[in-house]
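Asker:
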Amino acid sequence: DDDSASTASFEEVGPGGKTTTKEMVILDKPAKAGGDLSSPDDAAVVPDILYVVHYRGIDGRLLNSCKSSKPLGITLDADDASSSSSSGNKKKAHPVLEIVTKVSATTPPRHRRYPPPNRYAYNGGYSSDSDVEIRDEVTVTKVETTEMLIHSRHLRNALNAVVNYYPGVDFLGDRVAVEAPYRVLFHHAKDLEAYKLHQPPAHDAETRDTTSKHIDVLLGFLRDTLGEATSAEEARWHAPTPMVTFENFWMVMRPGEVIYRKLDGHWTPFVVSRVSNGHAGRGAASVGTQTQRAAYVVDCWNVEYVDGKVQRLMESFYVYPFNGEQAIHTLPVIPARFFPGGARANAERQVRLGRTYWELCKRPAYKEYDGAMVGRDGCPTGNLNGRVIVDCEGYDKFREHNGNRGRLPPPPMPRRGQSPPPNPIPPKDQLPQFRSRCPCAACAKEGGKEVESPFAGFEDLDPNEDVPPENELFYTVLADTIPAFILAERRWAMLKVEELKEVKPDREAFKYLVLDDEIKLTVKSLIGKFASSDGKVSPWPNDFVKNKGEGRIFLLHGSPGVGKTCTAECVAELTHRPLLSLTSGDISTSMSASSVERNLNYFLQLGERWGALVLLDEADVYLEERRTKDLHRNGLVSIFLRALEYYKGVLFLTTNRVAAFDSAFTSRIHVALHYKKLTDEDRMRVWMNNFERLERDSGGKCFVPQSARQYAYESEELKDLRWNGREIRNGLQTAVALAETEALEDGVETVTVTDKHLRAVGKMSKGFKDFLRKRRGWDDDEDE
């Protein structure tokens, strides 16, 4: 027998079967259905299933082999069975299946007779495969492995036709071995049943009959071996709450099927590649020394945009041992058919999200987001409600600049008695591009058109050039999280595709902007040509920017709170373009020339890439006039001048200290707009706009009666405060907060903002302004 191909049978070997003597061994007599192959004369009569046990010594050398047509106990007398390992020189006939068990065995030292040293060799030297003679007793110390050798070519061809994707399994070789508990055979038992009834038309009658018979032999063996466990496990699956046992968890993990794994706080679909544990497979971890049971390692993959391509990414997850039964939906890995909500509904949802993900991979997209951020790749977590730019390619290119990005912590060290965790990234398997078929000569001669595999075309796709597979499975396992740039926070994050919505621009915002009519007309006229007609993100057009100095730079200067920043925000709404609003802190906090240049170029590149309006608030920090003795300041100004010179987009600069600007900026600025201080009439318009937007945005929850409006418009107390636009907005927000508290105490749903609330806010503001006047000695900021 082939010593190198030993595997253990699936039959249970208890402690009581470890010791045996010659009197306990009874070998089956030869029969037509099969028997022991103890003589050359019986070689032509072989059983359908042959059971083999290999006994190996402590040093791994073969002590004995035993064969039988029926399941063998592990306690066989070596003397009586030793002849079973030898046969004549005739060509052997093979059974359909051969179940081989390898066990470790020992014999008492007094029964061992070792060969003499080479220098004492004699004519009757040892020619046996084992150099140890076993006379009376064999003690089994450990059952090593069990495997099934499939000798039947007809059965191998059938398995090759039905097994399309099962990494690590190949039925094309002359020697095919399947380890117990024969997972690939269990997962394809029903497919074999169907194949038996619908064999390829190229098969003749003899081939069909032989194939059917051999399939029945295999299925009968599986029923005898796994039938009881299978029936009990399938009954658990069909319970009102589907259950599973740890020992048979592998039964619900068929390679090629979709599973869900809770990753980064939400359930993500994957395709099973392989499932292994401590008995076979890659680096399974044991959990403590009490159970001695190995955790399952589930290797799987999904499809995601990485490095310019949509490609498969491998992952590994643990399923740690548990006792008794456990509800499948409580496991860390859940098969799609058992996932709460229904398999079909979840599949339709994932396909919809997958199609959206594929479209988002093609180009940057301007979106609204309201939901939780996903903490991957060192990205931030928490809730987000705001506008974002979804940009997969930009994330790969610029993510190293993300201020929140850092090294992920190393995995925890294993506890004493535990194996180290497996490699978190398993090797990528090979996807079949065509469906498997019978490899027999008749089928090969008939030929026929190859049928694509369900996994065809899943690898290395360019979203802008390649056509995605029509198979819905592709969209099902596309990633459901995508990188995006948060405009308000100026950093990258991973977001859920499901929570992304189209941006609804506020077209009325520009109407509510309180500005001199001439300035509003100028801004609207100059910016109108840059409006995005379809609302899609696109770089600034080449016909607009040829070379340096062809951007549009607006300088908005005036006192605080007169509408400079609001102008840029309203223009962004009017043109339906993103607004990238920056402060001096975003450019640099250390004020070093290298960091200023790096950060400024980074944000301006993003602005050009997305066709965004870039707003640099309080830009006077970097635009102050150069001085002979301040070389550091001069370097910063030079960097900023060069950046403006080559910027290819629309840039808004705001300041209330224009008198301190360096004269070199004059030639770089295309439009300079001066904002005067608000008059009482302007303030009344600001109040009116804020009242109207408050009631509109609250959906009728907030109400401002006429008495409160009249107080805001005509009260001398508020006029004397000379509030600017920002102060009016802040004051109204504070009054709303007071009204909300009062409504909550009174148990009413409608929040009514009264003149009492406005008067209270005005009183607080007056007290603060009086304090500042005494400390400073002057009243308010003036234009410079």
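Quick note: the working numbering has the sequence shown finishing at residue 784, numbered continuously throughout. Heads up, the beta-carbon is just placed ideally off N, CA and C, and yes, glycines get one too.
1. Buried or exposed: where does Pro427 fall if 16 or more other Cβ atoms within 10 Å of its Cβ makes it buried?
2. Under 8 Å by Cβ, that's how I've got Ser104 and Glu144 pegged, so tell me the actual separation to the nearest angstrom.
3. Can you tell me which of Asn690, Arg642, Ala708 and Gln710 puts its alpha carbon nearest to the alpha carbon of Asn730?
4. Could you tell me the boundaries of the alpha helix (DSSP H) in which Glu323 lies?
5. DSSP state of Gly394, grouped into three classes?
6. Output yes or no for whether 8 Å exceeds the beta carbon distance between Val562 and Ile527.
7. What three-state label does DSSP hand Thr842 in the structure shown?
8. Could you tell me whether the Cβ atoms of Val100 and Leu149 are closer together than 8 Å?
9. Rounded to a whole number of angstroms, what is the C-alpha to C-alpha distance between Val467 and Gly386?
10. Would the beta-carbon of Leu556 fall within 8 Å of that of Thr567?
11. Pull up the distance between the alpha-carbon of Arg693 and that of Ile425, whole angstroms please.
12. For the putative contact between Arg376 and Thr481, defined by C-beta atoms under 8 Å, what is the C-beta separation to the nearest angstrom?
13. Hey, how far is the Cα of Ser584 from the Cα of Gln430?
14. Confirm, please, whether the CB-CB distance from Val298 to Val272 is below 8 Å.
15. With a 10 Å radius around its C-beta and 16 neighbouring C-beta atoms as the bar for buried, classify Gly699 as buried or exposed.
16. Kindly indicate which three-state DSSP category Val686 falls into: helix, strand or coil?
17. Answer with buried or exposed for Leu574, where buried requires no fewer than 16 other C-beta atoms within 10 angstroms of its C-beta.
18. Taking the alpha-carbon positions, what's the Val640 to Trp687 distance?
19. Starting from Pro454, follow its DSSP beta bridges and name the residues at the other end.
20. With DSSP collapsed to three states, give me the class of Ile215.
21. In three-state terms, what does DSSP make of His632?
22. Pull up the CB-CB distance for Trp250 and Phe270, whole angstroms please, since I reckon it's below 8 Å.
23. Would you check if the distance between the CB atom of Gly371 and the CB atom of Lys504 is smaller than 8 Å?
24. If you compare alpha carbons, which of Gly558, Asn634 and Thr210 is closest to Ala664?
25. Of the residues Cys443, Pro380, Lys449 and Arg609, which one's Cα is nearest the Cα of Asp391?
26. Contact defined as beta carbons within less than 8 Å: I believe Asn323 pairs with Tyr296. What is the distance between those atoms, to the nearest angstrom?
27. When you compare the CB positions of Ile728 and Arg683, do they come within less than 8 Å of one another, or not?
28. So which of Ser588, Asp746, Glu452 and Ile486 has the shortest CA-CA distance to Glu470?
29. Between His198 and chain C, is the shortest Cβ-Cβ distance under 8 Å, so that the two count as touching?
30. Under three-state DSSP, which class holds Trp301?
31. Is Glu502 helix, strand or coil by DSSP?
32. Which ranges would you report for the beta strand (DSSP E) in the segment 363-393 if only whole runs of at least 3 residues count?
33. Tell me the DSSP bridge mates of Cys785?
34. Tell me, which residues are paired with Ile669 by DSSP?
35. Short of 6 Å in beta carbon distance, which residues of its chain neighbour Arg374, apart from the five on each side in sequence? Order them along the chain.
36. Grab me the residues of Glu624's own chain with a C-beta within less than 6 Å of its C-beta, minus the 5 sequence neighbours each way, in chain order.
Answerer: Result, derived from the coordinates:
1. Counting from one through the sequence shown, the residue named residue 427 turns up at place 427. Per the 10 Å Cβ criterion, exposed.
2. Counted from its first residue, the sequence shown places residue 104 at position 104. Counted from its first residue, the sequence shown places residue 144 at position 144. Right, the Cβ-Cβ distance comes to about 6 Å (below 8 Å), so this counts as a contact.
3. Taking the sequence shown and counting its residues from 1, one reaches residue 730 at position 730. It is Asn690 whose Cα lies nearest to the Cα of Asn730.
4. Your numbering for residue 323 matches position 323 in the sequence shown. What sits at residue 323 in the sequence shown is Asn, not Glu. Here Asn323 belongs to no alpha helix (DSSP H), and DSSP marks it neither H nor E.
5. On the sequence shown, position 394 is the one that residue 394 refers to. DSSP, read as helix, strand or coil, puts Gly394 in helix.
6. Taking the first residue of the sequence shown as 1, we reach residue 562 at position 562. Taking the first residue of the sequence shown as 1, we reach residue 527 at position 527. Contact annotation: Val562 and Ile527 have beta-carbon atoms that are not nearer than 8 Å.
7. The first residue shown for the chain is 1 and the last is 784, placing residue 842 beyond what the model contains.
8. Translated into the one-based positions of the sequence shown, residue 100 becomes position 100. Translated into the one-based positions of the sequence shown, residue 149 becomes position 149. Yes, the Cβ-Cβ distance between Val100 and Leu149 is below 8 Å.
9. Counting from 1 along the sequence shown, the entry for residue 467 is found at position 467. Counting from 1 along the sequence shown, the entry for residue 386 is found at position 386. Roughly 33 Å separates the two Cα atoms.
10. Counted from its first residue, the sequence shown places residue 556 at position 556. Counted from its first residue, the sequence shown places residue 567 at position 567. Yes. Within cutoff.
11. On the sequence shown, residue 693 is found 693 positions in, with the first residue counted as 1. On the sequence shown, residue 425 is found 425 positions in, with the first residue counted as 1. So the alpha carbons of these two residues sit roughly 53 Å apart.
12. In the sequence shown, counting from the first residue as 1, residue 376 sits at position 376. In the sequence shown, counting from the first residue as 1, residue 481 sits at position 481. Arg376 to Thr481, Cβ: 7 Å. Contact.
13. The sequence position of residue 584 within the sequence shown is 584, counting from 1. The sequence position of residue 430 within the sequence shown is 430, counting from 1. Spanning the two alpha carbons is a distance of roughly 51 Å.
14. For this step, residue 272 is matched to residue 272 along the sequence shown. For this step, residue 298 is matched to residue 298 along the sequence shown. Their beta carbons are under 8 Å apart, which means Val272 touches Val298 by this criterion.
15. What you label residue 699 is simply residue 699 of the sequence shown in a count that begins at 1. Under a 10 Å Cβ-count criterion, Gly699 is classified as exposed, with fewer than 16 other Cβ atoms of the shown protein chains found around its own Cβ.
16. For the purposes of this step, residue 686 is taken as the residue at position 686 of the sequence shown. Residue state, collapsed to three classes: helix.
17. Looking up residue 574 in the sequence shown gives position 574. Counting every other CB atom within 10 Å of its CB across the protein chains shown gives Leu574 a total of 16 or more, marking it as buried.
18. Numbered from 1 along the sequence shown, position 640 holds the residue referred to as residue 640. Numbered from 1 along the sequence shown, position 687 holds the residue referred to as residue 687. Before going on, a small fix: residue 640 reads as Phe here, not Val. C-alpha separation (whole angstroms): 38 Å.
19. Here the question's residue 454 lines up with position 454 in the sequence shown. Note: Pro454 sits in no beta bridge, so no partner.
20. Here residue 215 refers to the residue found at position 215 of the sequence shown. Three-state result, Ile215: helix.
21. Here residue 632 corresponds to residue number 632 of the sequence shown, with the count starting at 1. Under the three-state reduction of DSSP output, His632 falls in the helix class.
22. As a first step, residue 250 is located in the sequence shown; it is residue number 250 there, counting from the start. As a first step, residue 270 is located in the sequence shown; it is residue number 270 there, counting from the start. At roughly 16 Å, the Cβ-Cβ gap does not stay under 8 Å, so Trp250 and Phe270 are not in contact.
23. The residue you call residue 371 lines up with position 371 of the sequence shown. The residue you call residue 504 lines up with position 504 of the sequence shown. No. Outside cutoff.
24. For the purposes of this step, residue 664 is taken as residue 664 along the sequence shown, with counting starting at 1. Nearest C-alpha to Ala664 among Gly558, Asn634 and Thr210: Asn634.
25. The count along the sequence shown starts at 1 and reaches residue 391 at position 391. Distances from the alpha-carbon of Asp391 to those of Cys443, Pro380, Lys449 and Arg609 put Arg609 closest.
26. Residue numbering aside, residue 323 sits at position 323 when the sequence shown is read from its first letter. Residue numbering aside, residue 296 sits at position 296 when the sequence shown is read from its first letter. Wrong, their Cβ atoms sit about 15 Å apart, outside the cutoff.
27. Your numbering for residue 728 matches position 728 in the sequence shown. Your numbering for residue 683 matches position 683 in the sequence shown. Yes; because the gap between Cβ atoms is below 8 Å, this pair is in contact.
28. Within the sequence shown, residue 470 is the residue found at index 470, counting from 1. Glu470 has its Cα closest to that of Glu452, out of Ser588, Asp746, Glu452 and Ile486.
29. Going by chain labels, chain C is absent from the structure shown, which holds only one protein chain.
30. Numbered from its first residue, the sequence shown carries residue 301 at position 301. Looking at Trp301 - three-state DSSP - the assignment turns out to be strand.
31. The residue given as residue 502 occupies position 502 in the sequence shown. Looking at Glu502 - three-state DSSP - the assignment turns out to be strand.
32. Runs of the beta strand (DSSP E) inside the segment 363-393: 365-374 and 382-390.
33. A query on residue 785 cannot be resolved here, the shown segment of the chain reaching from 1 to 784 and no further.
34. Here residue 669 is taken as the residue at index 669 of the sequence shown, counted from 1. In DSSP, Ile669 forms no bridge with anything.
35. Reading the sequence shown from its first residue, position 374 is the one you call residue 374. It should be pointed out that residue 374 corresponds to Val in this sequence rather than to Arg. Cβ neighbours of Val374 beyond the five flanking positions: Asp264, Thr481 and Met494.
36. Locating residue 624 in the sequence shown gives position 624, counting from the first residue. Counting only Cβ-Cβ distances below 6 Å, and skipping sequence neighbours, we find Ala660.
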